[in-house]
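Protein chains in written order, with the numbering used here: chain A, 97 to 506; chain B, 97 to 506; chain C, 97 to 506; chain D, 97 to 506. Before any comments, here is the structure.
4 protein chains.
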Amino acid sequence: MATEIFESLDRQLQAQRELYMELHRTPELSMEEHRTAERIEGEIARLGLTCQRIGGTGVVAVIENGDGPTVLARADIDALPVSENTGLDYSSEVDGVMHACAHDMHTVALLGAAAALAENRAAWSGTYIALFQPGEETAAGAQAMVDDGLTEKLPAPDVALSQHVMPTEAGTIGTVVGPVLSAGDSVRITVHGRGAHGSMPHNAVDPVVLAASIVLRLQTIVSRETQPGEFAVVTVGASNAGFKSNIIPDRAELLLNVRTYDDAVRERVLASIERIVRGECEAAGSPHEPEFEYYDQFPLTRNDAEVTDTVTAAFTEHFGAERVYEATPVTASEDFSRIPDAFGVPYTYWTVGSVPAEKYRTALERGTVAQDIPANHSPFFAPAIDPTLETATRAHVVAAVAYLGGRARP
Amino acid sequence: MATEIFESLDRQLQAQRELYMELHRTPELSMEEHRTAERIEGEIARLGLTCQRIGGTGVVAVIENGDGPTVLARADIDALPVSENTGLDYSSEVDGVMHACAHDMHTVALLGAAAALAENRAAWSGTYIALFQPGEETAAGAQAMVDDGLTEKLPAPDVALSQHVMPTEAGTIGTVVGPVLSAGDSVRITVHGRGAHGSMPHNAVDPVVLAASIVLRLQTIVSRETQPGEFAVVTVGASNAGFKSNIIPDRAELLLNVRTYDDAVRERVLASIERIVRGECEAAGSPHEPEFEYYDQFPLTRNDAEVTDTVTAAFTEHFGAERVYEATPVTASEDFSRIPDAFGVPYTYWTVGSVPAEKYRTALERGTVAQDIPANHSPFFAPAIDPTLETATRAHVVAAVAYLGGRARP
Amino acid sequence: MATEIFESLDRQLQAQRELYMELHRTPELSMEEHRTAERIEGEIARLGLTCQRIGGTGVVAVIENGDGPTVLARADIDALPVSENTGLDYSSEVDGVMHACAHDMHTVALLGAAAALAENRAAWSGTYIALFQPGEETAAGAQAMVDDGLTEKLPAPDVALSQHVMPTEAGTIGTVVGPVLSAGDSVRITVHGRGAHGSMPHNAVDPVVLAASIVLRLQTIVSRETQPGEFAVVTVGASNAGFKSNIIPDRAELLLNVRTYDDAVRERVLASIERIVRGECEAAGSPHEPEFEYYDQFPLTRNDAEVTDTVTAAFTEHFGAERVYEATPVTASEDFSRIPDAFGVPYTYWTVGSVPAEKYRTALERGTVAQDIPANHSPFFAPAIDPTLETATRAHVVAAVAYLGGRARP
Amino acid sequence: MATEIFESLDRQLQAQRELYMELHRTPELSMEEHRTAERIEGEIARLGLTCQRIGGTGVVAVIENGDGPTVLARADIDALPVSENTGLDYSSEVDGVMHACAHDMHTVALLGAAAALAENRAAWSGTYIALFQPGEETAAGAQAMVDDGLTEKLPAPDVALSQHVMPTEAGTIGTVVGPVLSAGDSVRITVHGRGAHGSMPHNAVDPVVLAASIVLRLQTIVSRETQPGEFAVVTVGASNAGFKSNIIPDRAELLLNVRTYDDAVRERVLASIERIVRGECEAAGSPHEPEFEYYDQFPLTRNDAEVTDTVTAAFTEHFGAERVYEATPVTASEDFSRIPDAFGVPYTYWTVGSVPAEKYRTALERGTVAQDIPANHSPFFAPAIDPTLETATRAHVVAAVAYLGGRARP
């Protein structure tokens, strides 16, 4: 692989660090990333490239560079409603908002990769699409870009790439074939009873008892209806009904979260939830149909085998085998896959470590990873800038050049 | 009241005792009271009266005695599948069958009352129907007599009377207006799942879990759907599914018993049972409709206020106020009421004590009634012949003469 | 009974109506009845009597009038956090506060009775205690008076009396021997789990499932542990846990309300609640003991047989038998009984109808009482001033004179 | 590999077929395999070898053949209480007993392998132990052999081998590293209530409701306490309490079956079962401690990676890659592993297909495998003798020679 690209990367690293700290100081919530989008546009313009807005605060730059494959690389750019508590001197300056999921790192790394490719066109040929997606945390951004005509506004890629900074050893990269992130679905269920004074249950249809029956019955979806060993989670994260001891309320609300690694399993689980809730409402003599509102729905992220193998081989060659490991699928969710799915193209999604090696290994040995190392979404989450930022930037370059460098054919 | 009737009673008491012991030795199960029915026919013939069979082993004698009201008095005649363990020298000679519910006493008392009235026609006028009913224990006998044309074969009574020997103080009589015995309904519920090997729950619809959900949900009929303080019992006496730990069965069977004191409550409870079971089967994805089989259905016994007041006044006059008390409704059930209900006439049903006074009072004081005094259906149940038999016989006479003696008008 | 007392009543009726409307316009919440207490003090002073404050806003006047029994009559004086919606021209002028439980009527009636007795001392002898109690709605007021030395500050009564305006036919009075109002106990139960991300239930102890199990199990206290027909209510009026679908919370809160008519039943029910909650927490592997906080505890109101019979006879003589009926015990609760219980004296508590006769009877015939007649605590509750106010005032006089008039000996 | 061994196999195939049909006709139940054991002894004697009985009906022959590794190969020999319904002309002649799990095929294959090795000692060196184990179906046989001094009576093997005929494509072999068969544990749980008449629930502690609560709560072990995707099954295969609708029984019995692939998971699940049952008994106020009786406990079968790789490579070389596939772990259980575990040596366990290729492939395409192909334990289970018997025999030889042929070192 052309070494000039990596010399470019070395030269821009200090500027990347500064941009990262700037973005970290000025986080913006999902679908409100106005300043961030402008900042990205400014960086792209600085490279002499043009870009377009798609889906409101989404920004896309297309680098056309002769014949060859088209590679789409995506970074998410939004922050979280978390109050930062890291004590870092570049901590968030926005009250109650924090880049607690490293999307600032994703953004800077993709900008760096785009810059390096733009500056070294002799080293590759084809088309590179650098896509900066808003609103990942609320599952709204990828869909907003698709709804805004993504597939018409961009050339069709041959392959799509994305990555995520994780609380694993800094400098390492994890890849895995197949499901890497679960599908996630939230459901708000409202069931109806009939209110009455607490001393007159015979005049009521008690929604507290109804909700309790539903909660217990929902357990059977995993315990009895799911093949043993098949991944499926049905969590009732919230169950709320009533305010006073002596007033039987007229409804109860349940908030469910479902996680699956397989579309057939997902559909079965969602259907079972509705079946159980309806049956329990009938058993209760509920006076109105239950209501189901689906929200925060994240698709399954399932890495293509061929793309993943290609990218893994390139990582191994570049970083050395000791820095590339097989990632374990996690139950977090992402909306990245909506983008390649809109084009109907394969993709891979890898993880980049962010915890100083010695700290991580010590915690691992002591079995204290969960306590000692703040995870994504924690107010204490603080990726080590070095070597995380460089690794993430190089990973984007290496994965892209695996295709654009003329070796792999997607 | 004409004293000659009671002189008759005194004369026949020793013969009654002997007949009682004879019947006690030779009990017959419900609807198989062939020998007992013949014995009753023999006694009636001895009085110079005729009688008819109604409902197989039911026997009825009608004593017509001029103008006046018609009074129907009923005794039940069947025994129970219980192995007697009283040690009495007139214990049952039939293995596994016992008059453990004193129907032998009821029979002899009614025969005695009929004899006294037949012998002393000058002391009353009207019509006396002595009805000996089979199959009370299985709720089959009264219905069998009704189905056999009871209302066409007999003159319509103005009032109906029945009594039961109970483990209370011998020599006393209990009466009460309104519900005295509960309605009782048994239901066999079969719910269907789909069987599978125990290690493959996803191929099954688990009827064990379904039955468990139903059992818990049924609790809400009493706890939430019944007015607080309203009498209602829903007992799941049996819940059975499966034979092996590692085979998920394909069905579960529940046996329910329902007790109520009010027809509207009864109908609501039975409807709620079906609603809950159907709803739970839907929640479970049960492949077949549940099945409901009703059996052992006893009607409510609700004493008419006017009849009860009339009879109570007569008892009080005859026995003295200290021997007549207000009975507490019990949750046992009876099919007697089907007979007056078939005619559409009012009735009363009273209780007759059978425990020697001192024994009863001692147990009461010590709070050991439940332990010390064997109740109906116990293999140790043993009514004191004296004064129970005489009291029960006189009670029938006194209650009848309250109407037939020309004082009360039904 | 001396007719001069009732002539007094007739003379003051118009002033009573005006005072009632004034109080109705200016309701005050429980334990904050400052203006109301002053107004009562003013009325008592107008009669030439002295009074004392007990329990903050409680006011008591003692009328000593020679030898004879001591009768304590009590009225409650607080209003409710309800926004009046009756459209009456004397509607509440205080936002969100309303005399929706007729305590204003109780207050004016007792003031009227005290005035009539004070003005006609020749017609009775003994001692009359007119006690105006704050904070009935929160179960705080009677206890506050007791805690403030009630039994030392007042002469010991022989008997205590209280009444309540109810949505039954105006002009009628209901009395009943035995339990007339249930005991009421509220319990706040906090159960502890261990929180976790919704996709990692194995790291959690799920309090949502735990709370559901408890709710279902609590049903068995009434359905299985309480004698059929025995009054007991266990309502879970509120069950709340969690806020987000994908976060398993670390605790759940249940608010229970218990109603009973018998102290032994009450104690058993409360013990069963604790046993069930503790057992379920163990089954769940809950990391901390559950917490039980008891609040809003109302004692049982159980009318003394002799007092009730005496008062009922007096009512019947004064109002006529057609206006005095046997009240049905209701499941509302009251703290009145804490006052006679503090003295250890018998009491009776009766109800006074407030719905114009024709309106009530029509609704009764149509079976639309629940829909057509606003009940206590409703924003539409509006007792007919006439004849309710006069009936309630006379009832207090009649009941008191039953003792003070020299006929009955308590 | 020495071809002479396989020539031996070809020569004995017809005799093997006949022995197979003979054994199939004369099945014997677990631990009663007297005739079968004698038949095996006869065959071994025919080879000029001696053998010993271990564990009653277990038979072991040791073939010593110079220096080299020791390989233990095991076959199970017992039949099932199933009534054969295959219609085969060599169907079981024993009423209600059938070789429905192909242990007859296992037996004949191992005898064949032993014969071929005994006849061709020049082709290998080391020690071959042919072990015929009784009572696999009841989990009793391996333990019986261990208890009878297995490890003292035999030379310690370096590696242990076993196989099972399955309803997959005949002629193919499945191997897999790691857990291949689950651990299986059955538990009989007795919970105690207090019996009473069905109309008097307040005198009872209702075990029907208690059992229902337990069944629902047990669902949470898999749904909430097990890591999503981790294999664990908790089946309540039987839940039985009571016989009559109107008698509340005094106990309930639950039969549970637990399947796991990991010892830590297994221990956690069993502990959770006890915790839940005890907690629910406390919640119910159960008068006696619950009882737990563990039975039919099968250990985990976890194939050693190195042994499995060695054997898989040998199978692939001998049968061709197209006949060797990666098996999917199944939730059936086996007691084979008790034998290598007693010696502390590694093992592998593979599967041999038994359904004619075309039939299997057609069913697979149609998605009708479950319906069309009778599985083990079915009365219709009928392995195709050819090529199953030959494949199974060769598999034993090939796996053994992988070690004894001088190539692999265990």
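Ideal placement from N, C-alpha and C gives every residue a C-beta, glycine not left out.
Query - Own chain, CB closer than 6 Å to histidine 260 (chain B), minus 5 neighbours either side, in chain order - result: Thr447
Query raised in the report: Taking Cβ-Cβ distances shorter than 7 Å, what residues in chain A pair up with phenylalanine 339 (chain C)?
Result: Ala334
Query raised in the report: Taking the C-alpha atoms as reference points, what is the distance between isoleucine 285 (chain C) and phenylalanine 339 (chain A)?
Result: 13 Å
**Report entry** Inside the segment 261 to 346 of chain D only - alpha helix (DSSP H) runs reaching at least 4 residues
**Finding:** 303 to 319
Report task. Any chance you could list the alpha helix (DSSP H) runs of at least 4 consecutive residues sitting entirely within the segment 368 to 452 of chain C, in chain order? Result -> 401 to 415 and 434 to 439
Query raised in the report: Under a Cβ-count criterion, where at least 16 other Cβ atoms within 10 Å of its own Cβ denotes burial, should glycine 546 (chain B) be classed as buried or exposed?
Result: Outside the displayed span of chain B (97 to 506) sits residue 546 (chain B), for which this structure offers no information.
Requested in this report: Output the distance between the C-alpha atoms of phenylalanine 476 (chain C) and threonine 182 (chain C), rounded to the nearest integer angstrom.
Outcome: 5 Å
Report task. Starting from tyrosine 499 (chain D), follow the alpha helix (DSSP H) in both directions and report where the run begins and ends. Result -> 481 to 500
Query raised in the report: How big is the Cα-Cα spacing for alanine 337 (chain C) and proline 303 (chain C)?
Result: 7 Å
Report task. Ignore the nearest five residues each way along the sequence and tell me which others in glutamate 215 (chain C)'s own chain have a CB closer than 6 Å to its CB. Result -> Ser104
Report task. Would you kindly work out how many angstroms separate the C-alpha atoms of tyrosine 116 (chain D) and alanine 141 (chain D), rounded to a whole number? Result -> 18 Å
Report task. Determine the DSSP secondary structure at glycine 154 (chain D), reduced to helix, strand or coil. Result -> strand
Query - 8 Å Cβ cut-off: residues of chain A touching serine 382 (chain D) - result: Residues of chain A passing the Cβ test: none, with the nearest at roughly 20 Å.
Query raised in the report: Buried or exposed: where does isoleucine 101 (chain A) fall if 16 or more other Cβ atoms within 10 Å of its Cβ makes it buried?
Result: buried
Report task. Taking C-beta pairs closer than 8 Å, name the residues in chain D that phenylalanine 415 (chain A) reaches, listed in chain order. Result -> Those within 8 Å of phenylalanine 415 (chain A) in chain D number zero; the least Cβ separation is about 27 Å.
Query raised in the report: Who does threonine 225 (chain D) pair with in a DSSP beta bridge?
Result: The identity of residue 225 (chain D) in the sequence shown is isoleucine, whereas the question assumes threonine. Paired residues: D:Val158 and D:Leu168.
Query raised in the report: At a CB-CB cut-off below 8 Å, which residues of chain B make contact with threonine 264 (chain D)?
Result: Under the 8 Å cutoff, chain B gives no residues; its nearest Cβ is about 17 Å from threonine 264 (chain D).
Query - Neighbouring residues, chain D, relative to glutamine 259 (chain A) (Cβ below 7 Å) - result: Per Cβ cutoff of 7 Å: no residues; glutamine 259 (chain A) is ~24 Å from chain D at best.
Report task. Taking glycine 375 (chain D) as the query, report the chain C residues whose CB atoms sit under 8 Å from its CB, ordered along the chain. Result -> Gly375, Glu376, Cys377, Glu378, Ala379 and Ala380
Query - Length of the line joining the Cα atoms of arginine 121 (chain B) and threonine 412 (chain C) - result: 60 Å
Query raised in the report: Could you give the distance in angstroms between the alpha-carbon of leucine 130 (chain C) and the alpha-carbon of threonine 153 (chain C)?
Result: The amino acid occupying residue 130 (chain C) in the given sequence is histidine; leucine does not appear at that position. Straight-line Cα distance between these residues: approximately 6 Å.
Query raised in the report: Can you give the beta carbon distance from valine 301 (chain D) to alanine 380 (chain D), rounded, assuming they're within the 8 Å contact cut?
Result: 6 Å
Query raised in the report: Got a sec: is the Cβ-Cβ distance from glycine 270 (chain C) to anything in chain B below 8 Å?
Result: no
**Report entry** Beta-carbon spacing of serine 309 (chain C), valine 329 (chain A) below 8 Å
**Finding:** no
Query raised in the report: Whose C-alpha, out of C:Gln229, C:Arg320 and C:Ala459, is nearest the C-alpha of alanine 292 (chain D)?
Result: C:Arg320
**Report entry** Proximal chain A residues relative to aspartate 302 (chain B), where beta-carbon distance stays under 8 Å
**Finding:** Thr316 and Arg320
Query raised in the report: Do the segment 486 to 494 of chain C and the segment 164 to 180 of chain D make contact, defined as three or more Cβ pairs closer than 8 Å?
Result: no
Query raised in the report: Quick one: is arginine 362 (chain D) near chain A, going by C-beta distance under 8 Å?
Result: no
Requested in this report: Report yes if the CB atom of threonine 397 (chain C) is closer than 8 Å to the CB atom of threonine 271 (chain C), and no otherwise.
Outcome: no
Query - Unbroken alpha helix (DSSP H) run spanning phenylalanine 102 (chain C), endpoints - result: 99 to 121
Query - For arginine 201 (chain C), the three-state DSSP class (helix, strand or coil) - result: The amino acid occupying residue 201 (chain C) in the given sequence is methionine; arginine does not appear at that position. Residue state, collapsed to three classes: helix.
Query raised in the report: What does asparagine 353 (chain B) pair with, by DSSP beta-bridge criteria?
Result: B:Ser282 and B:Thr331
Report task. Give me the Cα-Cα distance between alanine 212 (chain B) and leucine 206 (chain B), rounded to the nearest whole angstrom. Result -> 10 Å
**Report entry** Beta-carbon contacts of leucine 500 (chain A) that lie in its chain and below 7 Å, excluding the five residues immediately before and after
**Finding:** Gly164, Pro165, Val167, Trp220, Ser221, Gly222 and Tyr224
Requested in this report: Helix, strand or coil for leucine 213 (chain A), going by three-state DSSP, please let me know.
Outcome: helix
Query - Contacts of arginine 371 (chain D) in chain C (Cβ-Cβ under 9 Å) - result: Glu378, Ala379, Ala380 and Gly381
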